[in-house]
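What follows is a set of notes on a single structure, which appears directly below.
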Amino acid sequence: MEHTMIGVHKIIGFLPTLMQVIMQNELEIPVRLAGAIYMKNLINTSWQDREAEGGNPIPFAIHEQDRAMIRDTIVEAIVHVPSEVIKIQLCFCLSHIIKNDFPGRWTQVVDKVSLCLQNSDPNAWHGALLCMYQLVKHYEYKKSAERGPLTEAMNLLLPQIYTIMMNVINEPSEQSVLLQKQILKIFYALTQYSLPLEVITKEVFSCWMEICRQILERPAPDASHIEEEERPQHPAWKTKKWASHIILRMFERYGSPGNIISKEYKEFSTWFLQTFTSGLLMVLLKILDQYRNKIYVSPRVMTNTLDYIKTAVSHAFSWKMLKPHMIEIIRDVIFPLMSYTDADEELWESDPIEYIRKKFDVFDDFVSPVQSAETLLHNCCKTRKGILTQVMQIIMQIINTPGLDHKEKDGALHMVGSLAEVLLRKKIFKEQVEQLLMQYVFPEFSSPHGHLRARACWVMHYFSDIKLKNPQVLEQVMRFLSNALLTDKDLPVKVEAAMSMQMFLISQEDAAPFLENQIKEITMELLRIIRETENEDLTNVLQKIVCTYADQLPPIALDICQHLATTFSQVLETEDNGDEKAITAMGLLSTMETLLAVMEEHPQVLAALHPVVLQVIGHVLQQNVLEFYEEAFGLVCDLTSKSISPDMWKMLEIIYEKNGAEYFVDMMPALHNYITVDTPAFLSNQNHVIAMYNMCKSVSEKLL
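Quick note: the sequence shown, position 240, residue 225 per the numbering used here, numbers continuous.
Below, the structure is given as structure tokens:
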């Protein structure tokens, strides 16, 4: 089918005919879906007129007659096509058309959506809301001054979707709940970066806040028959998620006096705080009460709830309402959230590498109730008088409980570590911290439970800048950490030990000598677990080790470099976790660069490293791994800074062949070395001069 269409898609009338095929209910869904996907791809590549480039023919563009017919029918198509997967493809088409044609060539889209929203058939509302969402998404991240057409459209459309919301808000059917979710998504996209007060007046805003409050307050349906990891996908929890997103965003961005994004919201922020604090906090406290009573709350809703309360803690007006509940929240909500769970234990046992990835995933923290609980606890103890003392009393009570469950002990130690900064700043506690660590944390380095050994390392990480009275305590800490790294059987413990070790080397000047006797073993073990976990944070640890122990590492520098090169190749071959993979790979290249720098005083070692590094550079350039060009050219610069070997002259040829003109700025230091470090050798080969001239010429032409 696709091969046939390639030959005819340039014929005027093709695209409207394809739309008719997509809308034929008699045809099977896969056939119609294939047509929708083809239409999406054609619209993405050929909707707008383009100029010819470089003497090439004018690129094909869909004829205006066809574009007009598609504009005239696509909203109705999205509304009426029964298949959700086809709706999605058509929405991609609509999004692209809006991006190029609204408002200039197609103001009618607003009226078309409005007409569908007025339809008495609820089945039509879903498609109309999807269309409206594409319009709002187009302006979501634009500045207020650029949102005029959207603001004008919202004068018509926003009251309509509010009316629909009021019609369905009390309907428990899945269709009604999904409509509510889509309406909330539209409102969030409309307001998350700019709140158009000329459309959303205080009266209108109050109505939408009441909608969010009602949705958050109503009981969630029984989900006990659904697997826990699938419960957040239940329409009721998705709707609550978007309601909680909205109230949190409104509070943080526009309703938090002193923290608003623009002066235009100054008066609004005071009004928001005084008008909505009581009602919203009441419903959020009910959500926390659900959790306390072992009733399921989805992670996103819990995260947003805790983040809202964190912001409320900072305002005297809202703190008055929160204060009577805060200790209960800390004891009955924050403490359980921060404790080791059955799910943690299962993941630790079944997939320790995934456990590590999850615990160190910075992106996961944005949707983690645990991280939000940590932050709320920290902020509350830091800013509100008397809370820290009460919290430490709770922690001591828990940790001294006879027969304490190891998971609860983890929660107590987790709380202690989260409060490290506050404890070290408060005079009343600062003097007691050293004894607290020795009495309650040090014994856990020998715990039979791996997660408590890891927690001990983690806690020490956060107390790494403590001013110790007894220097022997520092030696003891470094011994604990090195033993954990070198001898512990559990990989997560090793990773936490390495991270903590790095922090002590950074914060404690006297820490380094305590590791000297084992530094070779420590370095090789670090390399091993970097290869096993591909964890980007560990590459930073290795860089610190290399910088700190430059005099001790020459005998194993070649081994280090070979490990880095092998791990780099391994990471590039890994298909999963693209962003994490890139960060890890960059860390490995950066560590290689650090190794070259610290070995400058050891010419023989440096000479042995060059072929290994050269192989890595060649891999990056010959495989066109563009995201690592900057680091690769940095390594080329290092390898040509003192002398230029025959292999490095060959590398110049590779650089020339690749002609990465857009990376010329990154190349310049290395190219400068080629010209100045060994000028006679550069001039002795005509090809060197021609290559350099052509590269510079190519860049100059692109700049003109």
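Every residue gets a Cβ at the ideal spot worked out from N, C-alpha and C, and that includes glycine.
Determine the burial state of Met652: buried for a count of at least 16 other Cβ atoms within 10 Å of its Cβ, exposed for fewer. buried
Candidates Leu175, Glu159 and Ala328: which alpha carbon is nearest Lys128's? Nearest C-alpha to Lys128: Leu175.
Local Cβ density within 10 Å of Phe345, reported as buried at 16 or more and exposed below that: Residue burial annotation: Phe345 is buried, with at least 16 other C-beta atoms found within 10 angstroms of its C-beta.
If you draw a straight line from the C-alpha of Phe698 to the C-alpha of Phe489, how long is it? The requested residue 698 is not part of the displayed model; the chain covers only -14 to 689.
Distance check for Met8 and Lys(-5), CA to CA, integer angstroms please. 21 Å
Do Ile639 and Gln608 have their C-beta atoms within less than 8 Å of each other? no
DSSP state of Asn332, grouped into three classes? The question names Asn, but residue 332 is Leu in the sequence shown. If DSSP states are grouped into helix, strand and coil, Leu332 belongs with the helices.
Can you tell me which of the three DSSP states Val66 falls into? coil
Beta-carbon proximity check, Thr288 vs Phe236, cutoff 8 Å: no
Can the beta-carbon of Leu409 be found closer than 8 Å to that of Glu429? no
Taking the beta carbon of Ile675 as the centre, do at least 16 other beta carbons fall within 10 Å, making it buried, or is it exposed? Burial call: exposed.
Contact set for Ile294: own chain, Cβ-Cβ below 7 Å, skip 5 residues either direction: If we look at Ile294 and ignore the five residues flanking it on each side, its Cβ neighbours are Leu269, Leu307 and Leu361.
When the Cα of Glu352 is compared with those of Met54, Pro88, Arg316 and Leu291, which residue comes out closest? What sits at residue 352 in the sequence shown is Val, not Glu. Ranking the options by Cα distance to Val352, first place goes to Leu291.
Just reading off the alpha helix (DSSP H) that Leu270 is part of, what are its end residues? Lys251 to Arg277
Tell me the DSSP secondary structure of Asp475 in three-state form. coil
Just to check my reading of the structure: Met194 and Ile232 have Cβ atoms closer than 8 Å, yes? What is that Cβ distance to the nearest angstrom? 7 Å
On the CB-based measure, 16 or more other CB atoms within 10 Å of its CB, does Tyr276 come out buried or exposed? So Tyr276 counts as buried.
Measure the C-alpha to C-alpha separation of Ser241 and Lys166 and round it to an integer number of angstroms. Approximately 26 Å between the Cα atoms of the pair.
Go ahead and label Gln420 buried or exposed: buried means 16 or more other beta carbons lie within 10 angstroms of its beta carbon, across all protein chains shown. exposed
Tell whether a beta-carbon distance below 8 Å holds between Ala113 and Leu102. yes
Reduced DSSP secondary structure (H/G/I, E/B, other) of Asn525: helix
Which residue's Cα is closest to the Cα of Gly133: Ala221, Ser179 and Ile338? Ser179
Assign Asp51 to one of two classes, buried (16 or more other C-beta atoms within 10 Å of its C-beta) or exposed (fewer than that). buried
Boundaries of the alpha helix (DSSP H) in which Ser227 is found, first to last residue: Contrary to the premise, residue 227 reads as Trp rather than Ser in this sequence. Start and end: Pro220 to Arg234.
Residue from Leu141, Glu501, Ile504 and Leu549 with nearest C-alpha to Arg513: Leu549
Only counting runs of 3 or more residues, tell me where the beta strand (DSSP E) segments fall wholly within the region 382 to 459, in order along the chain. none
For Pro15, count the other beta carbons within 10 Å of its own beta carbon; 16 or more makes it buried, fewer makes it exposed. Which is it? exposed
Check Glu586 in the structure and name its three-state DSSP category. Three-state result, Glu586: coil.
For Leu0 versus Ile59, is the C-beta distance shorter than 8 Å? The answer is no: Cβ separation not under 8 Å.
Nearest-angstrom Cα distance between Val662 and Ala441? 51 Å
Give me, in chain order, the residues of the same chain whose beta-carbon lies closer than 6 Å to that of Tyr648; leave out the 5 immediate sequence neighbours on both sides. Tyr614
Stretch pair the region 570 to 584 + the region 508 to 525: three plus CB contacts closer than 8 Å: Short answer: they touch.
Within the continuous alpha helix (DSSP H) that includes Thr290, where are the two ends? Pro284 to Val298
Within its chain, find whatever has a CB closer than 8 Å to the CB of Val98; leave out the 5 residues flanking it on each side and keep chain order. Within the same chain, and ignoring the five residues on either side of Val98 in sequence, the residues whose Cβ sits closer than 8 Å to its Cβ are Val60, Ala113, Cys116, Met117, Leu120 and Leu142.
Among Asp106, Glu36, Asp495 and Ser492, whose alpha-carbon lies nearest the alpha-carbon of Ser161? Asp106
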